[in-house]
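Following this note's numbering, the numbering of the sequence shown begins with 3 at its first residue and continues without gaps.
Note that the Cβ used here is the ideal one computed from N, Cα and C, for glycine as well.
Working notes, structure below.
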Amino acid sequence: ESEIYCSQLLRQRRGFPLFVPGPQQNLPEEYQRTGVSIGDVGRVTTDGIFDFFFNIYLPADHPINASDVPEGFCPLAPYARRDLVHLNVDPGNYVAGPSVQSVDLDYSSEYVFNLSPHGAILALPHGAHVEKLENLQNIRQYAAENAENWYRYINCARGRGLANGSLYLVTGSEKSRSWGMASFNNA
Numbered sequence: 003e004s005e006i007y008c009s010q011l012l013r014q015r016r017g018f019p020l021f022v023p024g025p026q027q028n029l030p031e032e033y034q035r036t037g038v039s040i041g042d043v044g045r046v047t048t049d050g051i052f053d054f055f056f057n058i059y060l061p062a063d064h065p066i067n068a069s070d071v072p073e074g075f076c077p078l079a080p081y082a083r084r085d086l087v088h089l090n091v092d093p094g095n096y097v098a099g100p101s102v103q104s105v106d107l108d109y110s111s112e113y114v115f116n117l118s119p120h121g122a123i124l125a126l127p128h129g130a131h132v133e134k135l136e137n138l139q140n141i142r143q144y145a146a147e148n149a150e151n152w153y154r155y156i157n158c159a160r161g162r163g164l165a166n167g168s169l170y171l172v173t174g175s176e177k178s179r180s181w182g183m184a185s186f187n188n189a
């Protein structure tokens, strides 16, 4: 299910759609309150969960990083607030794969769609808030300088065995207080 969901919604170019969007209970309480944030380094599991490792903007001893960071870790200087874009997505909005077409969008409590044999949809009854870092120059350079050390830490100390290219550095997020999701195959 998560594979269909992710592959369908990735085409909408609104970031990586997590099939299990909430923070995992094994993470620090502060992380559970805030969820995925700009600067988070992690991977997306086959179940569609963001597997958080550390945040590049926070000191090693910050409660979110909990001193569990790569050897020699030094946080990146904070980004300028002017480089952060905030957008609000209207209530009743949705994100759907290309095989889903809306039939009725009257902002009532119902969503009605025509469906192809396979696809995915994310309904946002209360809308969403988007944060997106526009100036990526510093974050790209920092990642290039540190990626080898990050992989070593994640594969050895954290035992994940990640292949090159399977690590994510978050540059934006879309969060909602309520959502509904569906994926379907051979419907």
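- Taking the C-beta atoms as reference points, residue 7 is found no nearer than 8 Å to residue 175.
- Residue 59: not part of any alpha helix (DSSP H); DSSP gives it neither H nor E.
- Boundaries of the beta strand (DSSP E) around residue 123: 121-126.
- Using a Cβ-Cβ distance cut-off of 8 Å, the region 130-137 and the region 83-96 are in contact, since at least three pairs of beta carbons, one from each stretch, lie closer than that value.
- Taking a cut-off of 8 Å on C-beta distances, the region 8-25 touches the region 47-61, as three or more cross pairs fall below it.
- Counting along the chain, no beta strand (DSSP E) covers residue 101, and no H or E run does either.
- If you draw a 10 Å sphere on the C-beta of residue 163, you find fewer than 16 other C-beta atoms in it, and that means exposed.
- Here DSSP, grouped into helix, strand and coil, assigns residue 159 to helix.
- Ranked by how close their Cα comes to the Cα of residue 46, the residues 63, 94, 24 and 66 have 24 in first place.
- Around the C-beta of residue 82, fewer than 16 other C-beta atoms lie within 10 Å, and the residue is accordingly described as exposed.
- A distance below 8 Å separates the beta carbons of residue 122 and residue 11.
- Ranking 166, 124, 39 and 171 by CA distance to the CA of residue 93 puts 124 first.
- Scanning the region 6-73 from its first residue to its last, the whole beta strand (DSSP E) runs of 3-plus residues come out as 42-46 and 52-57.
- It is roughly 44 Å from the alpha-carbon of residue 59 to the alpha-carbon of residue 188.
- Less than 8 Å divides the Cβ of residue 180 from the Cβ of residue 127.
- As a beta-bridge residue in DSSP terms, residue 87 pairs with 134.
- Here the C-alpha atom of residue 166 lies approximately 28 Å from the C-alpha atom of residue 36.
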